[in-house]
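Residue numbers (the numbering used here), protein chains in the order written: chain A, 1 to 573; chain B, 574 to 697.
For each residue, glycine too, the CB sits at the ideal point set by N, CA and C.
Since the structure comes first, as structure tokens, the remarks are kept for the end.
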């Protein structure tokens, strides 16, 4: 069996082959001019074409070229007479030759072998097409996977999935139920053509039923109802409309899930039947989107928790700020009233009255310091502390602080002296903040030093290598590099137990809390000092021997080695 | 007698300042909100103003700016009383023109010293 076309204007050839074709039961057609030839080729299937080389009404080369373009793998046989000269170009276009001198049997065998050639070529062509198609789908799959890996946005992930399915399966319509967006289930209808309201409702009902069928014997992860399910429609070509015939189309359905995590489900419709390959692409893409959807869920959870934490932190910071402000305002008239009373402007006070007015004054002072400390640590932690850096002389800071404590030291019968190295280089620092740190260190020293003992404020220029580092602070101080102005406050107080040395700078940690209670303080002074010194690229640490005394030191880099104020502020933020 | 204007919505603070400053023979005028404070400042042209920052209607920074940009009043020293609160921080940003800042809770003796410093300098 085969379809044969004979092109000849020679009646003898015509009648010989006609007989032959009839005997061997081929479908055949004989054409003698281009018009009938193209008419025939328009609709017919042809396996072998026999072209009479002697034909003059047709340009053989041109015609064969046209036919070959039109019909894939068609076999061309050139019919030659012995005296015919064959054109070289023509012979190249042909798959074989038949001579007029051939016996009928030989002709039939040549034709048959070419019919077989055509069959085999067709199979190869078909397989090639399938391969190319698979390759294309694999590419789509690969691209879709890459897209899945590139985002944690649920909306994008669902869109990538639908794009991938469209490219690989060319669906007509999909219905996707997704739980990922804005915490409410959504039905996404992606359609080639427009759909009516009724059809959309039918699709909605069908999707809900499909979804519920997934959980016949278990709990449904999200309760959904076709009445209040939100629908989003994407129409590719609104010029056409789908009818209810869509339900006759081939379809596939799959849940989008990963283990116990359920993200939605998808149904896909296509007029042409899906192949088994299509089914596996569908499964693969739908499964592949589940993992990033899970990550996206976790990611969003982290984001929202983070936002909550940040908000909480802001609320805390604002709260502290407001409370501190609200405390300052009533403190002011209390302080004023006490000051007026003790000034004697309202008459003389009795000895006991003076004692109690002073008690109240002292405690107002304490409360003020506590509020200041809390405000400071709050500002530092929020990165809102401003520093006014400029080249400055450490002597002036030390001198100011010493002068401020003169009276208090005398009251406690403590000898406060300074031991300063002459000609210290300048440091690039905020003198007010360094004064604050030194004030804190000296006031601590006074608290813990018994009457009649010494406190010394010492300053010296030291290279990082020459700084004595006790084992508790060695790692911390090892990062120092270059020259520093080191300021030390050395007392002869009760000292700090070794195991508590490191804790001294921790926030709200009180060493031997009962002791601190006796002398007062928030326990924030040293943590604030540490933050302020570190903002200057400096370090603060301490040495101590129990019952002999403590030394607190801070090191500030000398001017040329310190970084600019702006950089420091940035680091602090 | 030198005139001092005290503007603060906290009556207790105004009263204690007034008590002490009158002891030093200053004539004290008081206002308990920004609006009245500004009006009074323009009316009496005081020799010095003690001005709270956080007040209803018109805050201290604004009053300070308004006065310091007015040639008629720009020479009046202004002592700004601040509670170092976050709301105050938000108001800063432009030059306020204040001559001195006093942080709550302040020391009355310090305030008196500062007032004396400005008023003595002015009479010279």
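Starting from residue 3 of chain A and walking both ways along the beta strand (DSSP E), at which residues does that stretch end?
To locate residue 3 of chain A, count along the first chain from 1; it is residue 3. Its beta strand (DSSP E) spans residues 3 to 7.
Take residue 237 of chain A and list the residues in its own chain whose beta-carbon comes closer than 7 Å to its own, dropping the five residues that flank it on each side.
Residue numbering aside, residue 237 of chain A sits at position 237 when the first chain is read from its first letter. Excluding sequence neighbours, residue 237 of chain A sits near 192, 193.
I believe residue 614 of chain B touches residue 622 of chain B by the beta-carbon criterion, under 8 Å. Please report the beta-carbon distance rounded to the nearest angstrom.
On the second chain, position 41 is the one that residue 614 of chain B refers to. On the second chain, position 49 is the one that residue 622 of chain B refers to. Contact holds; Cβ gap of about 6 Å.
Chain A beta carbons: is any one of them nearer than 9 Å to that of residue 629 of chain B?
Position 56 of the second chain, counted from the start, is the residue given in the question as residue 629 of chain B. Not an interface residue.
Counting C-beta neighbours from all protein chains within 10 Å, is the total for residue 515 of chain A 16 or more, i.e. buried, or is it exposed?
For this step, residue 515 of chain A is matched to residue 515 along the first chain. Because residue 515 of chain A carries a pLDDT of 44, less than 50, the predicted location of this residue cannot be relied on, and no value is offered for it.
By Cβ distance below 7 Å, which residues in the same chain neighbour residue 567 of chain A in space, the five residues on each side in sequence not counted?
As a working mapping, residue 567 of chain A is identified with position 567 in the first chain. Because the pLDDT at residue 567 of chain A is just 42, under 50, the model does not fix this residue reliably, and the value given afterwards should be weighed accordingly. Answer for residue 567 of chain A: no residue qualifies.
Which one of A:207, A:21, A:367, A:30 has the shortest CA to CA distance from residue 10 of chain A?
Indexing the first chain from 1 puts residue 10 of chain A at position 10. Residue A:30 is the option with its Cα nearest to residue 10 of chain A.
For chain B, find out if any of its Cβ atoms is closer than 9 Å to the Cβ of residue 559 of chain A; answer yes or no.
By 1-based counting over the first chain, the position of residue 559 of chain A is 559. No, no contact with chain B.
Would you check if there are 3 or more beta carbon pairs closer than 8 Å linking the stretch 154 to 166 of chain A to the stretch 129 to 146 of chain A?
Segments in contact, yes.
For residue 27 of chain A, does the three-state DSSP call read helix, strand or coil?
Residue numbering aside, residue 27 of chain A sits at position 27 when the first chain is read from its first letter. It is a strand residue.
Please report how far the alpha carbon of residue 592 of chain B lies from the alpha carbon of residue 625 of chain B, in whole angstroms.
Mapped onto the second chain, residue 592 of chain B falls at position 19. Mapped onto the second chain, residue 625 of chain B falls at position 52. Their Cα atoms are separated by approximately 17 Å.
Answer with buried or exposed for residue 607 of chain B, where buried requires no fewer than 16 other C-beta atoms within 10 angstroms of its C-beta.
Stepping through the second chain from its first residue, residue 607 of chain B is reached at position 34. Per the 10 Å Cβ criterion, buried.
According to DSSP, simplified to helix, strand and coil, what is residue 516 of chain A?
Position 516 of the first chain, counting from 1, holds the residue named residue 516 of chain A. Residue confidence for residue 516 of chain A is low, a pLDDT of 45 falling below 50, so the modelled location carries little weight and cannot support an answer.
When the cut-off is 9 Å and only beta carbons count, does residue 360 of chain A lie next to chain B?
As a first step, residue 360 of chain A is located in the first chain; it is residue number 360 there, counting from the start. Output row for residue 360 of chain A: interface = no.
Please state whether DSSP places residue 243 of chain A in a helix, a strand or coil.
The residue you call residue 243 of chain A lines up with position 243 of the first chain. Here residue 243 of chain A sits in coil by DSSP.
Figure out for me which residue from A:286, A:356, A:196, A:358 has the closest Cα to the Cα of residue 243 of chain A.
Position 243 of the first chain, counting from 1, holds the residue named residue 243 of chain A. Nearest C-alpha to residue 243 of chain A: A:196.
With a Cβ-Cβ cutoff of 9 Å, do residue 98 of chain A and residue 50 of chain A count as a contact?
Stepping through the first chain from its first residue, residue 98 of chain A is reached at position 98. Stepping through the first chain from its first residue, residue 50 of chain A is reached at position 50. Contact: yes.
Going by beta carbon distance, what residues of the same chain come within less than 6 Å of residue 470 of chain A, once the five residues before and after it are set aside?
To locate residue 470 of chain A, count along the first chain from 1; it is residue 470. Hits under 6 Å: 543.
Please tell me whether residue 490 of chain A has its Cβ less than 9 Å away from any Cβ of chain B.
Here the question's residue 490 of chain A lines up with position 490 in the first chain. No, its Cβ sits nowhere closer than 9 Å to a Cβ of chain B.
Run through chain A and tell me which residues come within less than 7 Å of residue 620 of chain B, C-beta to C-beta.
Within the second chain, numbered from 1, the residue matching residue 620 of chain B stands at position 47. By Cβ distance, chain A contributes nothing, its closest Cβ being about 22 Å from residue 620 of chain B, past 7 Å.
Which same chain residues, not among the five before or five after residue 650 of chain B, have their C-beta less than 7 Å away from its C-beta?
Here residue 650 of chain B is taken as the residue at index 77 of the second chain, counted from 1. Cβ within range, chain order: 621, 672, 691.
Which runs of the alpha helix (DSSP H) fall wholly inside the stretch 384 to 437 of chain A and span at least 4 residues, in chain order?
Within the stretch 384 to 437 of chain A, the complete alpha helix (DSSP H) runs of at least 4 residues are 394 to 411.
With 16 other CB atoms within 10 Å as the buried threshold, where does residue 505 of chain A fall?
In the first chain, the residue the question calls residue 505 of chain A occupies position 505. The residue is buried, with at least 16 neighbouring Cβ atoms inside 10 Å.
Using DSSP's beta-bridge definition, name the partner residues of residue 257 of chain A.
One-based indexing of the first chain puts residue 257 of chain A at position 257. Bridge partners of residue 257 of chain A: A:262.
Can you tell me whether residue 441 of chain A is buried or exposed? The criterion is at least 16 other CB atoms within 10 Å of its CB, across all chains shown.
In the first chain, counting from the first residue as 1, residue 441 of chain A sits at position 441. So residue 441 of chain A counts as buried.
What does residue 677 of chain B touch in chain A if you count any residue whose Cβ is under 8 Å from its own?
Translated into the one-based positions of the second chain, residue 677 of chain B becomes position 104. Here the neighbours are 328, 329, 331, 332.
Alpha carbon to alpha carbon, how far is residue 26 of chain A from residue 20 of chain A? Give it in angstroms, no decimals.
Position 20 of the first chain, counted from the start, is the residue given in the question as residue 20 of chain A. Position 26 of the first chain, counted from the start, is the residue given in the question as residue 26 of chain A. Taking the straight line from one Cα to the other gives about 9 Å.
So which of A:380, A:341, A:81 has the shortest CA-CA distance to residue 682 of chain B?
Looking up residue 682 of chain B in the second chain gives position 109. The option with the nearest alpha carbon to residue 682 of chain B is A:341.
Run the CB neighbour count on residue 427 of chain A, radius 10 Å, all protein chains shown included, and call it buried at 16 or more, exposed below.
Counting from 1 along the first chain, the entry for residue 427 of chain A is found at position 427. Counting Cβ neighbours within 10 Å, residue 427 of chain A comes out buried, since at least 16 surround it.
Going by CA-CA distance only, name the one from A:359, A:34, A:76, A:391 that's closest to residue 59 of chain A.
In the first chain, residue 59 of chain A corresponds to position 59, counting from 1. Checking every option, the nearest Cα to that of residue 59 of chain A belongs to A:34.
Could you say which of A:319, A:314, A:394, A:423 lies nearest to residue 383 of chain A if we only look at CA atoms?
Translated into the one-based positions of the first chain, residue 383 of chain A becomes position 383. Residue 383 of chain A has its Cα closest to that of A:314, out of A:319, A:314, A:394, A:423.
For residue 656 of chain B and chain A, any beta-carbon pair shorter than 9 Å?
Position 83 of the second chain, counting from 1, holds the residue named residue 656 of chain B. It does; some Cβ of chain A falls within 9 Å.
Taking Cβ-Cβ distances shorter than 9 Å, what residues in chain A pair up with residue 593 of chain B?
Residue 593 of chain B sits at position 20 when you count from the first residue of the second chain. Ordered by position in chain A, the residues that pass the 9 Å Cβ test against residue 593 of chain B are 336, 339, 340, 343, 345.
On the CB-based measure, 16 or more other CB atoms within 10 Å of its CB, does residue 190 of chain A come out buried or exposed?
Residue mapping note: residue 190 of chain A aligns to position 190 of the first chain, counting from 1. Answer is buried; the Cβ neighbour count reaches 16.
May I ask which residues mark the beginning and end of the alpha helix (DSSP H) holding residue 589 of chain B?
Position 16 of the second chain, counted from the start, is the residue given in the question as residue 589 of chain B. From DSSP, the alpha helix (DSSP H) with residue 589 of chain B extends over 584 to 596.
Less than 9 Å separating the beta-carbons of residue 434 of chain A and residue 526 of chain A?
As a working note, residue 434 of chain A is residue 434 in the first chain. As a working note, residue 526 of chain A is residue 526 in the first chain. It is not a contact, given that the beta carbons lie outside the stated cut-off.
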